[in-house]
Amino acid sequence: MAGLPEVGPWAKEKLDALARYLDFYTKVLKNQPWRTVYLDGYAGGGRAIVRAGERAASDKPGLFDHEMPIDVEVRELIDGSPRVALGIANPFDRYVLIDPNPDRAAELEALKREFAGSRTINVLQTTAAGGIDWVTAQPISRRTHRGVAFLDPFGAKLDWASIQKLADTGLFEVVVNFALGMAIQRMLPNSGEVPTNWAATLDSYFGSRAWFEEVYRRREGGLFAASGFEKRPDYLERLLELYRARLRSAFGHVSTPRLIRNTRGAPLYYILWAGPNKKGLEGANYILTMGERLSQR
Ligand SMILES: C[S@@+](CC[C@H](N)C(=O)[O-])C[C@H]1O[C@@H](n2cnc3c(N)ncnc32)[C@H](O)[C@@H]1O
Numbered sequence: 001m002a003g004l005p006e007v008g009p010w011a012k013e014k015l016d017a018l019a020r021y022l023d024f025y026t027k028v029l030k031n032q033p034w035r036t037v038y039l040d041g042y043a044g045g046g047r048a049i050v051r052a053g054e055r056a057a058s059d060k061p062g063l064f065d066h067e068m069p070i071d072v073e074v075r076e077l078i079d080g081s082p083r084v085a086l087g088i089a090n091p092f093d094r095y096v097l098i099d100p101n102p103d104r105a106a107e108l109e110a111l112k113r114e115f116a117g118s119r120t121i122n123v124l125q126t127t128a129a130g131g132i133d134w135v136t137a138q139p140i141s142r143r144t145h146r147g148v149a150f151l152d153p154f155g156a157k158l159d160w161a162s163i164q165k166l167a168d169t170g171l172f173e174v175v176v177n178f179a180l181g182m183a184i185q186r187m188l189p190n191s192g193e194v195p196t197n198w199a200a201t202l203d204s205y206f207g208s209r210a211w212f213e214e215v216y217r218r219r220e221g222g223l224f225a226a227s228g229f230e231k232r233p234d235y236l237e238r239l240l241e242l243y244r245a246r247l248r249s250a251f252g253h254v255s256t257p258r259l260i261r262n263t264r265g266a267p268l269y270y271i272l273w274a275g276p277n278k279k280g281l282e283g284a285n286y287i288l289t290m291g292e293r294l295s296q297r
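Numbering (full-length UniProt numbering), first residue to last: 1 to 297.
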């Protein structure tokens, strides 16, 4: 297992929702005339190690807690998104797996060899933006193709321009990891003095400066204070709604958000679906609210 990326237990929830949606999508399209494409913009290598529990540090409090390795007993190997997508009952006609990391790309090439003969796979060792440019330049159209793009970056490395390109094809749906509780929140200091490089990342991510208004308001009597801004109490909900509204206007429909939390209950990110088709919306909403319905029982 050496060298494989390590993920938290919540990754399973994300991958489970993805598997269910891909299953639903390919079943619905099974007897339709279109060629189908699965695009994985941030594919990873195909497998990851998941921690099935918390670090065991509290079992033996002492001097060397910080050096304690994760207990091997609570580790497990899971299929990452490319294997999940390759493993569905009604496979896509083509898989485009994208990752710029040389180790991950080599693992994806091995995956391509493993599935040679049964799946058509393109491995692109490039960024999601580069891969989406490549795919959207292929001879595909709404008349001949349909596709799902899974966009699962670490943090905010996802440019709105790439999402817009997928929407403009009229044939893609997207399943997006909206990393609100992780990367995005961390780029928003209370003072409103957002460093230039973070502001540029957020501008690219949201596709405009609109995020600033949703997060900050002028502090009363703060006109002459150091920054004069404070965070709105509901800025997280506002950012989520801003992003959902952007997706809805680009694709036509956007799902109910599915919140993924860590094992202590802290919010990490949302899974959002967007697409041009009402039936896709109904399927996505059903699947993305499934975990919540189960936990309410
Ligand atoms: C969260 S992991 C993906 C996990 C995978 N989707 C899964 O569920 O199994 C993010 C991946 O994005 C890759 N990555 C980093 N920057 C990227 C970029 N600009 N474009 C595409 N992939 C990138 C990393 O190498 C890493 O493998």
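All C-beta atoms in this analysis are idealised placements derived from N, C-alpha and C, irrespective of residue type, glycine included. Nothing here was measured: the structure is a model prediction, and the numbers come from that model.
Continuous alpha helix (DSSP H) stretch holding residue i: start and end
i, result
"W211", "210-215"
"I132", "128-136"
"I163", "160-169"
"D234", "Here D234 belongs to no alpha helix (DSSP H), and DSSP marks it neither H nor E."
"A106", "102-114"
"residue 376", "Absent from the structure is residue 376, since the part of the chain shown begins at 1 and ends at 297."
Check whether residue i and residue j have beta carbons under 7 angstroms apart
i, j, result
"Y270", "P257", "yes"
"I98", "K112", "no"
"E173", "G87", "no"
"I287", "W10", "no"
"V96", "V135", "yes"
"K165", "I140", "no"
"S249", "N285", "no"
"A105", "Q125", "yes"
"T127", "P100", "yes"
"G80", "G44", "yes"
"D93", "R142", "no"
"R119", "P91", "yes"
"G46", "P82", "yes"
Secondary structure of residue i, DSSP reduced to three states
i, result
"P267", "strand"
"A149", "strand"
"N262", "coil"
"N190", "coil"
"E6", "strand"
"T26", "helix"
"N31", "coil"
"F172", "strand"
"I184", "helix"
"A156", "coil"
"D79", "strand"
"L92", "The sequence given here has Phe at residue 92, not Leu. Coil."
"A17", "helix"
"A85", "helix"
"A11", "helix"
"A43", "coil"
"R238", "helix"
"R219", "coil"
Boundaries of the beta strand (DSSP E) in which residue i is found, first to last residue
i, result
"Y286", "Y286 -> not in any beta strand (DSSP E); alpha helix (DSSP H) instead, spanning 278-288."
"F229", "229-231"
"N122", "121-124"
Residue i: CB within 6 angstroms of a non-hydrogen atom of ligand 3
i, result
"G44", "Within the structure as shown, ligand 3 is missing, the only ligands being ligand 1."
Decide yes or no for the touch test of the stretch 212-220 against the stretch 237-254: beta carbon pairs closer than 8 angstroms, at least 3 of them.
The answer is yes - the stretch 237-254 touches the stretch 212-220, with three or more Cβ pairs under 8 angstroms.
With three or more beta-carbon pairs closer than 8 angstroms as the criterion, would you say the stretch 226-236 touches the stretch 149-159?
The stretch 226-236, when compared against the stretch 149-159, does not touch it at the 8 angstroms Cβ threshold.
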